[in-house]
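Below: one structure, written as structure tokens.
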Ligand SMILES: *Cc1c(COP(=O)(O)O)cnc(C)c1O
């Protein structure tokens with residue numbers, strides 16, 4: 001008797017599609033979603049009691065693995081003192097200070113409850129600060145599901161966007177300019193035409209919602225120059241990459257290649273909450289000072305800075321701050337990607353992969369893609385067969401080829417070896 005299937009049928013009767021976030025429904029890969037019963041370390045167990053090596057980690061947050069003892073203890077302690085107050089707490093200040101210590105571009109920060117909320121608030125703040133409406137995003141980048149951000153490219157370069165979702169008015173989408181990713185010419189053209197109307201450019205420094213695609217260094221450098229030159233704010237969406245690819249986020253990786261590089265605003269989420277609903281945005285003090293109650297840009301939240309969530313996030317940050325944490329995590333992640341490459345090569349399968357810190361991606365194509373249209377040329381059915389081949393062998397990769405993967409500090413070399421043995425069979 002398949003308990004996952006039973007639960008999925010029950011769920012579909014009361015929840016649209018049976019899930020509370022679409023990708024969980026396995027629509028892309030087919031088959032029955034696994035209902036998670038519990039998780040520990042690098043593993044979770046589904047409703048049948050089957051164990052999986054977890055390469056999603058709640059889509060990024062679980063960088064320490066599940067149920068890390070120091071985090072569990074911090075959360076249990078916080079719970080006893082109260083779930084939510086709607087009044088300030090010392091821990092919010094502590095978390096703000098901890099984030100600022102690692103991200104020099106963040107001079108002030110505000111805590112919210114989800115990445116969507118943080119991204120949406122950043123756009124409003126950028127518009128309020130600049131007095132402009134237009135902003136740029138890139139094809140294949142996901143910044144949460146706020147109306148203005150659910151916009152896809154029109155045909156041709158530098159066209160105004162169309163809503164990607166029903167229910168988004170064209171009047172909202174028309175202020176969003178969608179450009180091809182890593183295309184300097186298109187970027188320059190857009191600034192040439194619209195530079196004076198641009199409030200901001202929002203970008204995932206390493207795009208993790210179209211698998212794993214880095215911003216090229218020349219593109220990032222030119223983007224920073226153009227934003228400064230035209231008075232548009234550069235917003236890095238580090239919801240996925242923040243505290244995941246490095247302690248200082250992807251911005252610290254780019255600052256090594258581009259001297260002085262810093263965004264004006266940063267969007268954070270996922271790891272910052274350690275698995276609890278917590279996200280944040282922050283940046284230049286003069287910009288953050290436009291937020292209520294200091295300035296005229298309104299933003300608020302009943303559960304913002306929640307005491308249990310901040311305890312979880314802080315305890316997680318304290319662990320990843322320890323010397324050598326990211327070196328070890330990056331090495332383990334690289335050994336997974338290098339191992340997969342070697343197995344694929346052995347089997348004569350076109351394959352490429354990349355990683356940074358504890359985040360990785362792989363493609364069933366010979367070289368790494370640099371933009372969304374190339375990612376879209378992936379052989380979907382082949383990916384789905386590989387996904388199910390791995391799932392059948394107890395390895396849980398993201399159930400869609402457009403998603404990045406995550407290794408945690410709880411993944412051992414033995415877990416990687418088990419994964420590679422499974423891949424040898426699945427390929
Ligand atoms: C996950 C994600 C978001 C949205 O965060 P939620 O907490 O799911 O609302 C925004 N931007 C990026 C880059 C993300 O990966």
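In UniProt numbering, the protein residues as written are 1 to 427. The beta-carbon is built from N, C-alpha and C at its ideal position, and this holds for glycine as well. None of the values given here were measured: they were computed from a predicted structure.
For residue 157, which of helix, strand or coil comes out of DSSP? Note that residue 157 scores 46 on pLDDT, short of 50, meaning its location in the model is unreliable; the coordinates nonetheless yield the value given after this. Here residue 157 carries a coil assignment [DSSP, helix/strand/coil].
Could you check which residue in 390, 6 and 418 has the C-alpha nearest to that of residue 335? Relative to residue 335, the option among 390, 6 and 418 whose CA is nearest is 418.
Between the alpha carbons of residue 266 and residue 2, how many angstroms are there, rounded? Near 44 Å, if we compare the C-alpha coordinates of residue 2 and residue 266.
Opening and closing residue of the alpha helix (DSSP H) in which residue 237 lies: Run containing residue 237: none in the alpha helix (DSSP H); it sits in the beta strand (DSSP E), 233 to 238.
Would you say residue 114 touches ligand 1, meaning its beta carbon is less than 7 Å from a heavy atom? True, at least one ligand heavy atom lies under 7 Å from that Cβ.
Under 8 Å between C-beta atoms of residue 317 and residue 98: Between residue 317 and residue 98, the gap from beta carbon to beta carbon is short of 8 Å.
Residue 355 in three-state terms, based on DSSP: Strand at residue 355.
Pull up the CB-CB distance for residue 60 and residue 271, whole angstroms please, since I reckon it's below 8 Å. That pair is a contact at about 6 Å.
By how many angstroms is the C-alpha of residue 261 removed from the C-alpha of residue 384? Spanning the two alpha carbons is a distance of roughly 39 Å.
Beta carbon of residue 358 nearer than 8 Å to that of residue 214: Contact flag unset, no.
Buried or exposed for residue 293, going by 16 or more other Cβ atoms inside 10 Å? Under this definition residue 293 is an exposed residue.
As a quick exercise: from 54, 34 and 307, pick the residue whose alpha carbon is nearest that of residue 48. Of the candidates 54, 34 and 307, the one whose C-alpha sits nearest the C-alpha of residue 48 is 34.
Verify whether the separation of the beta carbon atoms of residue 56 and residue 398 is less than 8 Å. Taking the C-beta atoms as reference points, residue 398 is found nearer than 8 Å to residue 56.
Close-in-space but distant-in-sequence residues of the same chain around residue 410 (CB under 6 Å, 5 per side omitted): So the qualifying residues of the chain are 41, 42 and 65.
May I have the straight-line CA-CA distance separating residue 423 from residue 77, to the nearest angstrom? Using only the alpha carbons, I get a separation of about 41 Å.
What did DSSP end up calling residue 200 once you bin it into helix, strand or coil? Looking at residue 200 - three-state DSSP - the assignment turns out to be strand.
For residue 226, which option in 210, 201 and 96 has the closest C-alpha, if you only look at C-alpha atoms? Per the Cα distances, 201.
Just tell me which of 121, 210 and 263 has its CA closest to the CA of residue 222. Closest option to residue 222, Cα to Cα, is 263.
Between residue 219 and residue 102, what straight-line distance do the alpha-carbon atoms span, to the nearest angstrom? If I take the Cα positions, the gap works out to 24 Å.
Candidates 405, 380 and 199, of which the one nearest residue 228 by Cα: Here the closest residue by C-alpha is 199.
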